[in-house]
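If you're matching them up, the sequences are chains A and B in order.
For the working numbering, count along the first sequence from 1 and bump the result up by 480.
For the working numbering, count along the second sequence from 1 and bump the result up by 856.
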Amino acid sequence: AQTVTQSQPEMSVQEAETVTLSCTYDTSESDYYLFWYKQPPSRQMILVIRQEAYKQQNATENRFSVNFQKAAKSFSLKISDSQLGDAAMYFCAYRSAHSGNTPLVFGKGTRLSVIA
Amino acid sequence: GAGVSQSPSNKVTEKGKDVELRCDPISGHTALYWYRQRLGQGLEFLIYFQGNSAPDKSGLPSDRFSAERTGESVSTLTIQRTQQEDSAVYLCASSLGVIAADTQYFGPGTRLTVL
């Protein structure tokens, strides 16, 4: 079974600075998707960014970018120019691309605080 | 357009009672998922629906848990004879289709507290 590990339970960053959240995963599959979700206090999970494993180019979405290292099974999230609204729980998730519909497998999350 | 909605937002119940949690997916989404999030934990998969069929029930923690879906619309998650360890946030998600590339959109969850 696939597992996702987030080794940083909590992180903090100064407003306008850059922070990197770590994520590693374990899988024997070659085709899969990786995601970062943000969960603010409202509880609603919001998709931040996604990466297809077959793509070598790292995904970017405005201030959010990833460093995808397939051989190392690492998928870190970089937040640039941090804003107060970025404060939330961040979850890394894996989804197999094989055999039809598969659920997301989540890490335990990293709580990000943004200091004004 | 409207996102995924869930009701109730919060539910407090006594141990041994039955509870029903409701999820309204985004209109037109054929796939629907239920996840459980215990305090300080990530989400754990419970069950998913493809239309009104549930091909994968492997995540349901016990036979006290069941779920149904009406067509490609509302789903209810029922927990019978609730236990304190059932206390968690129950999140529902829907996606347009069933392929892995389809993004799952989440609702705000129902926080269940079993006293």
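Glycine included, every Cβ here is placed at the ideal spot set by N, Cα and C.
It should be emphasised that the depicted structure is a prediction, and the values quoted were computed from it without experimental measurement.
Identification of residues in the segment 943-958 of chain B having a C-beta nearer than 8 Å to some C-beta of chain A yields Val-945, Leu-947, Ala-949, Val-954, Ile-955, Ala-956 and Ala-957, given in sequence order. Checking the DSSP bridge columns, you'll see Cys-503(A) has no partner listed. Between the alpha carbons of Ile-935(B) and Asn-538(A) lies a distance of about 42 Å. Any Cβ of chain B closer than 7 Å to the Cβ of Arg-591(A) would place that residue at the interface, and such an atom is absent.
In this structure, Tyr-891(B) and Leu-947(B) form a Cβ contact; the two beta carbons are roughly 5 Å apart against a cut-off of 8 Å. Nearest to Tyr-505(A) by alpha-carbon distance, out of Gly-565(A), Lys-550(A) and Ile-559(A), is Lys-550(A). Following the DSSP letters along the chain, one finds Met-569(A) inside the beta strand (DSSP E) bounded by residues 568-576. Gly-915(B) is a Cβ neighbour of Phe-901(B), given a cutoff of 7 Å. In the three-state scheme derived from DSSP, where H, G and I count as helix and E and B as strand, Gln-940(B) is classed as helix.
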